[in-house]
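Input: a single structure, listed below in structure tokens.
Protein chains: 2
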Amino acid sequence: MTDANRNKLKIDFEPIGKRVMVAPGTCLLEAARQAGLMLNSTCGGIGKCGQCRLTVIDGEVSDPTRDERALLGASALAAGERLACHTRAYSGVKVNVPATSLVGKQRLQLNGEDDSLAPDPKVKFYSVCVPPPTLEDTRSDLERIAPVYILQKDKGGYTADPAVLRQFSPLARANDWIVDVFVRDDEIIGAAPSDVTPLGVAVDLGTTKIAAVLVDLKSGEELAVAGAANPQIAYGEDVISRLTYARQHDDGAEILGGSVRNTLDNLLKQLAEQIQAERQQIVDICVVGNTAMTHLLLGLPTSQLSVSPYVAATHLPMDIKARDLGMHAAPGAYVHVLPGIGGFVGADHVAMIMASRLDRANDIALGIDIGTNTEIVLVNPKNRTYICASCASGPAFEGAHIGDGMRASSGAIESVTISPDGIQLKTIDDAPAIGLCGSGIVDVLAELIGCNALSKVGRLGDSNKYIRKGANGLEFLLAAGSRSGSGRDVVISQKDISQIQLAKGAIRAGLETLLAVADTPAEKVAEVVVAGAFGAFLDIRNAFRIGLLPHLPNARYSQVGNAALVGAKRAVLSTLERERAVNIAKRATHLELSTYPNFNRLFALGMQFPEDE
Amino acid sequence: MTDANRNKLKIDFEPIGKRVMVAPGTCLLEAARQAGLMLNSTCGGIGKCGQCRLTVIDGEVSDPTRDERALLGASALAAGERLACHTRAYSGVKVNVPATSLVGKQRLQLNGEDDSLAPDPKVKFYSVCVPPPTLEDTRSDLERIAPVYILQKDKGGYTADPAVLRQFSPLARANDWIVDVFVRDDEIIGAAPSDVTPLGVAVDLGTTKIAAVLVDLKSGEELAVAGAANPQIAYGEDVISRLTYARQHDDGAEILGGSVRNTLDNLLKQLAEQIQAERQQIVDICVVGNTAMTHLLLGLPTSQLSVSPYVAATHLPMDIKARDLGMHAAPGAYVHVLPGIGGFVGADHVAMIMASRLDRANDIALGIDIGTNTEIVLVNPKNRTYICASCASGPAFEGAHIGDGMRASSGAIESVTISPDGIQLKTIDDAPAIGLCGSGIVDVLAELIGCNALSKVGRLGDSNKYIRKGANGLEFLLAAGSRSGSGRDVVISQKDISQIQLAKGAIRAGLETLLAVADTPAEKVAEVVVAGAFGAFLDIRNAFRIGLLPHLPNARYSQVGNAALVGAKRAVLSTLERERAVNIAKRATHLELSTYPNFNRLFALGMQFPEDE
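Line order of the protein sequences matches chains A and B. Residues in the first sequence are numbered consecutively from 340, following our numbering. Residues in the second sequence are numbered consecutively from 340, following our numbering.
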């Protein structure tokens, strides 16, 4: 045993056969990480999501916690089931990791219309090599280095804040005054020994999911991606319930904002670790999200946003020091939040319009970013206006509120065909089915309509042999427990269908309202961009069959994935793209859907299912 | 008894005859404040300065603390003496307040060359009156109000930070969208109901004393002044010992910086209370101080400043949010620190040069700002250069390290004449003598030289009848206890004289070195400006007699008081004056005195006393 491993404990992960040595008291989630084994943990390891479960076969571990008792139940605990995040090793331990706990290759949509882009980042980099101070030359540290980039840029003023100078003064002395400095406008925001790669991070702060990408600001290359669940889910699944929580609790806004700031800081940590970089190399961060998300993140006031007429404190771009948001990066690094549009239509929608080039469309175009909050834009290139609206579609298409719903990861049913011969399922990674992700849900409903098993108002019939009476009324059996990855039946219930009707009704009504308000006939729409992780895998034909999308006879469809994240990435790479975002936000007007007299009728109609073609 | 006074305790202050009702447990310093009685308390009420002593005649109070036992001693405590700041009333109490504990009218030098100035503050004020939001007009709060001043100023971008928007959004709604906003460059830094007076604060952050003035930014009028001891004194009396403390203790810099930030916040509170203003009306703050003082205030790194070659992290002007310095003002208000020059010659010297118009001198001029750190400038209008140096003169001229030294307040001996008939003393407020302030110390030495009682090397002779053997060697009796305000003899000792020699030697050597380095003969100097609270009351003739100042045959002398504070005030009132400060700092060069080969010899010579004329 080497010195480094003295006193360390051996942890064996079965059936994969990975082994790692850890210090006593290490939690098994961390041990798995060190073994290169990624366990599901959308709650970030706080014992809330229940996804990191495993079975302790042998060895001494910590006692079950209250969270584990609540999530796993007595019988599972008795069988040795535990949450990896809440279980600490006190001796060598052998555990069994079920496939359901292992992270499949997660779909973080980054493809789509990501044109190549010459990096032109807001933060510039200068190599500094100056003589050290002497009693004859007592210029201050900042004045000593500033001429190097001042001359390069012909700038007048320059500054740095105390935190940056606290880093810089010892760094310069430790490196013989040969260092790289990172400069944003006229402000030095960080420094590093020479030839360190400056990094940027783009974040799409979704109501349900958070996605982040790490880029090389010199080459524009994408270096790492990471994702997490939005921890605010514990305080409400949609933006209105979260804002209500914030309004009704003295420290509500601080709790919600603090939780997401903490998650973002963890994502920065994960990204840096993936490429073994120092966090001080992260010199710029761009964040997009809907209005509620960015307001809670920045600690902007939300009382006025939570009640009619739902007014933002600001929709202008914001620049806040990362450290003021609890995020560890270069000491003076800023978080740039892109501008928003109006109401809940925020920076993520601007980023989506930018990434999907809707601002450069030549014909009338619709953009739809489907998520827990769905944003829609109708672009008219003639008068260069964008009309935007937000629909409270809820998280059903992201798998939430659906009994066997799940996110798009290994074992999720992503497409379904029902034929007289039976049911054909396609799952992610071709793993045994565990549940349904959004695209699978749409497919099931379309196929049920196709075989006349689902009525116009959304009732399951009993004509199909896979429809049976379940605990929550009628349900359609997709995969029996004997074949599934979880050992349980995978079904879609009448209750699930009602959830989907609410979601699709809201989106459809939003689309119809925008077309009506802009006096645009359906045949004039030439292009439809469907964004969002769900939208990327959506079978567009089935989206028509269930009535999620209206019939637009002349439209081309494109599915662009997480365009909001692509837009954020463009903004972190390019000052010009930030200006483009400002111009998009300026040209866009927000329509509060409820002010349209016909909206409620359109919503009711939108909940119905059409007759199949 | 009214309801408000139920359960309150009656505190009587004798012999003044003031009475106040306070809550049980209130400390007597606070009770005195509420009675409108200002007790001396340069430590800010933490039991360190011993200046708020009084005698409890009757009533139940808290037990003596360790600080009181250390400062007052057992016999004084037995006689009922207490520190007001450490004594809490538990019943009605009657106390006797000696005159020595009462604040005399303190000299905060604000006169001098304070030319009238048309206010042109960095922070502008706009009256806003806009329609409230509706479902049809959901522009964000910031976009709703911005056009009002954007149009007035033709500005492109505008912003506000989250703290400002947290104030603004509810304020606008509570005032029907009729409010005043305070704007700095393109940033809203605060808001108020309409017609509130915007206030600015200027601060001279001295090594020993802190002085602050509150101004009306619209009229330029001075509204209030306040002062306090620099609490860092507890960690060292001069800048080097404080920087050493910061270097040798992990949290040393934070302790030193935190203490002075806390004191500045208290001064803001006092200033606002004096005119019954809200602290949110304070929209701008300008601070000057030497390099060590501003570095500790802002939390800039000081390790490199504390060792040769004594290099600042920055001498450029700094703008830091007041809240980041723990100062309560308008939510987005900044603290502006004026630029410094080099080494320890900082923003206070720039402010002094500006206030005393040395940058506009037509002939060769010397400026001397005497304090714990003494800064000197030699101005040559021919080539428009300023050569500056800093002398570690110590706090002797501010009354510290002198047995009976005291600050310039009631009862301080400020001038002395010794004649064959006896000793004539002039004290501040003509109160019975308690001790000596700086100008009195200079006078005593000059008069002792005049009557041949003090040798060239600084030894007291025994030829004078008032010279006697004391506890610390020979001493000169100025006022016997029977006549003094403290009941104790007031003397100046051989040890005190040695302290003064060190101080005057440092200043004199600095002056001689500057003249030598600039190759400027004494007769070429046309003007001498003496700044600082001490300098204001200095008898210039006696300054020559003790050899503090060199003989400059053609020089006019002016005494300008606390010119650094006046300069800070000009900067808070005027953007142009801030630019002027930057220009002064750019033209000034710093001379490290120790690099001059002859410096040590000049220092030794400077400690000597000249023969009297």
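By construction, the Cβ of each residue, glycine as well, lies at the ideal position given by its N, Cα and C atoms. Note that the structure is a prediction, hence the values are computed from the model and not measured.
- In the structure shown, A:Phe507 falls within a helical segment according to DSSP collapsed to helix, strand and coil.
- Note that the stretch 573-590 of chain A touches the stretch 724-740 of chain A; at least 3 beta-carbon pairs, one per stretch, sit closer than 8 Å.
- Only buried fits B:Gly824, as 16 or more other CB atoms lie within 10 angstroms of its CB.
- The beta-bridge partner set that DSSP reports for A:Ser749 is empty.
- Annotation: the stretch 888-918 of chain A contains the following complete segments of the beta strand (DSSP E) (minimum length 3 residues), in chain order: 895-900.
- Boundaries of the beta strand (DSSP E) around B:Gly812: 812-818.
- Per DSSP, B:Val830 is one residue of the beta strand (DSSP E) stretching across 829-832.
- By the neighbour-count criterion, in which a residue is buried when 16 or more other Cβ atoms sit within 10 angstroms of its Cβ, B:Glu851 is buried.
- Two segments are said to touch when three or more pairs of C-beta atoms, one from each, lie closer than 8 Å; by this definition the stretch 641-661 of chain A touches the stretch 579-593 of chain A.
- Setting aside the 5 residues that flank it on each side, B:Glu420 is surrounded in the same chain by Arg392, Thr394, Leu411, each with a C-beta closer than 6 Å to its C-beta; the list follows chain order.
- One thing to note: B:Thr653 has its Cβ no nearer than 8 Å to the Cβ of A:Leu368.
- Straight-line measurement puts the Cα of B:Ala651 at about 13 Å from the Cα of A:Ala511.
- Taking a cut-off of 8 Å on C-beta distances, the stretch 782-791 of chain B does not touch the stretch 697-715 of chain B, as fewer than three cross pairs fall below it.
- For A:Phe883, the enclosing alpha helix (DSSP H) has its first and last residue at 879-884.
- For the pair A:Ile762 and A:Ala551, the Cα-to-Cα distance works out to about 36 Å.
- Secondary-structure assignment with DSSP links A:Glu714 through a beta bridge to A:Asp708, A:Ser729.
- Taking 8 Å as the cut-off, the Cβ atoms of B:Val462 and B:Val522 count as close.
- DSSP places A:Ser758 within a strand segment (E or B) once states are collapsed to three.
- Each residue's CA atom was taken as its position, placing B:Asn605 and B:Thr426 some 21 Å apart.
- Chain A has no Cβ within less than 8 Å of the Cβ of B:Pro570.
- The continuous alpha helix (DSSP H) containing B:Phe938 extends over residues 938-946.
- Under the DSSP assignment, B:Ala541 falls outside any alpha helix (DSSP H), being part of the beta strand (DSSP E) whose first and last residues are 538-544.
- Close to B:Ala651, with beta-carbon spacing below 9 Å, are these residues of chain A in chain order: Thr477, Arg478, Ser479, Asp480, Leu481, Glu482.
- In the same chain as B:Thr756, and ignoring 5 residues on each side of it, the C-beta atoms closer than 6 Å to its own belong to Gln763, in chain order.
- With contacts defined as CB atoms closer than 8 Å, B:Cys424 and B:Ser455 fail to qualify as a contacting pair.
- Chain-order list of chain B residues neighbouring A:Leu504: Leu639, Pro640, Ala652, Thr653, by C-beta distance under 8 Å.
- At least one CB of chain A lies nearer than 8 Å to the CB of B:Pro648.
- One alpha carbon belongs to B:Asn939, the other to B:Ile836, and they sit about 20 Å apart.
- Taking 7 Å as the Cβ-Cβ cut-off, the stretch 556-569 of chain A has no residue approaching chain B.
- Chain A has no Cβ within less than 8 Å of the Cβ of B:Arg586.
- For B:Ile780, no beta strand (DSSP E) encloses it; the enclosing alpha helix (DSSP H) starts and ends at 777-789.
- Taking all protein chains in view, the Cβ of B:Met377 is surrounded by fewer than 16 other Cβ atoms within 10 Å, so the residue is classified as exposed.
- Around B:His929, the beta-carbon contacts reaching into chain A at under 8 Å are Thr477.
- The beta-carbon of B:Pro936 is placed no less than 8 Å from the nearest beta-carbon of chain A.
- Secondary structure within the stretch 597-658 of chain B: the alpha helix (DSSP H) runs of 4 or more consecutive residues, fully enclosed, are 630-637 (chain order).
- Less than 8 Å divides the Cβ of A:Ile806 from the Cβ of A:Ala792.
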